[in-house]
Amino acid sequence: MNDFILHHYDASPFSEKIRTLLGHKNAHYKVVNIPVIMPKPELVALTGGYRKTPVLQRDNHIYCDTRLIARVIDEQFSAQSIFPLGLSLTVNTLAQWADQHLFSVAVALTFSPAGFEAFRQQVPEKFIEAFMNDRAKMRDGGNGLSMDAHTALQLIPIYLQQMEQQLSIGGPYICGDQISIADFSIYHCLWFINNNAGVSPLLKGYPKLHQWFEIIKAIGHGTQTSIDATTAIEIAGSAQKILFSNDDFLVVNGFTFGQRVEIIPIDYGITPVNGELIVSKRDEIAIKRIDEKAGEAYVHFPRVGYKIVTA
Ligand SMILES: N[C@@H](CCC(=O)N[C@@H](CS)C(=O)NCC(=O)O)C(=O)O
């Protein structure tokens, strides 16, 4: 049994990446449904300002960003690791490419005329305006998610053809006979395109890729139990406090144990999270912060994709 609580919403592709990974691990876990747009007061009580989806909670540990979340889950269920050591560079860079570049292609496609029209059909008119304003605000000041639809329409057949070729010769998974983080990261982007009737026809005509997509989809989401956001906050608030030590603390760029810092995403949603730096590893940092609702919480981030500044 694990104590994972996934804060997510159904339509979120990055949540789908993690739900599918939890499915692959046959996990039983709790879920909290969070709002699609700001405000997200309960989520922010846990994260200290980070607003993206999903977030993974384990007691008073809050894990932001699926790059780190995937690793935390994989370590919990280490038997079927999705990070094969002999393909470490290959699977991690492919996942990073998908989460950043391929995701921005998928987002741009859903904002293409056909994609946007299909989106419009699915949701109330009032929500569209609120959604567009929210996402514009989220992109403000960052450099991510700036691709236009023409570029995306030009790129997608190239990438799909490359996937088709690789799967035809080397499958059944993206990097060969073992499922890896690359499968989950590519999958959620194609899942997002596939969910939009205006652009899903772009995925047609790639039989091996289709077969792979169906295999990943069939993994499912594991077993979820829903709880509400207040319960999740109570779980964080009643968890045991930890006395961190600087034994394994890596000093990078001069940031030291206990220093007051801000951690900021470098692509979009660039709200800083403020606290005391208490974990510093090769690709993980965490701060301690005190929230009036959630109590003492430890908010973890990967290093890749974030910057640390003195508070
Ligand atoms: N680098 C982040 C990206 C997460 C992300 O962009 N998620 C989208 C939803 S799939 C998001 O946060 N959208 C705005 C929101 O949900 O408020 C990760 O890997 O978790």
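Position one of the sequence shown corresponds to residue 1 (our numbering), numbered consecutively onward.
Beta carbons are placed, not taken as given, at the ideal position from N, Cα and C, and that holds for glycine.
Here the residues close to ligand 1, judged by CB distance below 5 Å to any of its heavy atoms, are SER12, PRO13, PHE14, LYS52, THR53, ASP65, THR66 in chain order. In this structure ARG282 is exposed. Its beta-carbon is surrounded by fewer than 16 other beta-carbon atoms within 10 angstroms.
Going by C-alpha positions, ILE308 is about 22 Å away from THR93. In the three-state reduction of the DSSP assignment, ALA297 falls in the strand class.
Between the alpha carbons of TYR298 and ALA286 lies a gap of roughly 6 Å.
Assigned with DSSP and collapsed to three states, PRO113 falls in helix. Partner residues in the beta bridge of GLU262, as assigned by DSSP, are ASN274, VAL309. If you ignore the 5 residues before and after LEU190, its C-beta comes within less than 7 Å of the C-beta of LEU203, PHE213, all in its own chain and listed in chain order. For THR310, the closest of GLY254, ILE290, ILE270 by C-alpha to C-alpha distance is GLY254.
Distance from the Cα of ALA45 is smallest, within the candidate group GLN165, ASN60, PHE111, for ASN60.
With contact defined as three or more Cβ pairs closer than 8 Å, the stretch 236-250 and the stretch 264-273 are not in contact. For ARG19, the three-state secondary structure derived from DSSP is helix. Considered as a whole, the stretch 136-175 harbours no complete run of any beta strand (DSSP E) with no fewer than 3 residues. Bridge pairing for ILE287: LEU277, VAL299 [DSSP].
Taken through DSSP and simplified to helix, strand or coil, LEU243 comes out as coil.
In terms of Cβ geometry, GLU276 and ARG303 do not form a close pair [threshold 8 Å]. Going by beta carbons, ILE278 and PHE301 fall outside the 8 Å limit.
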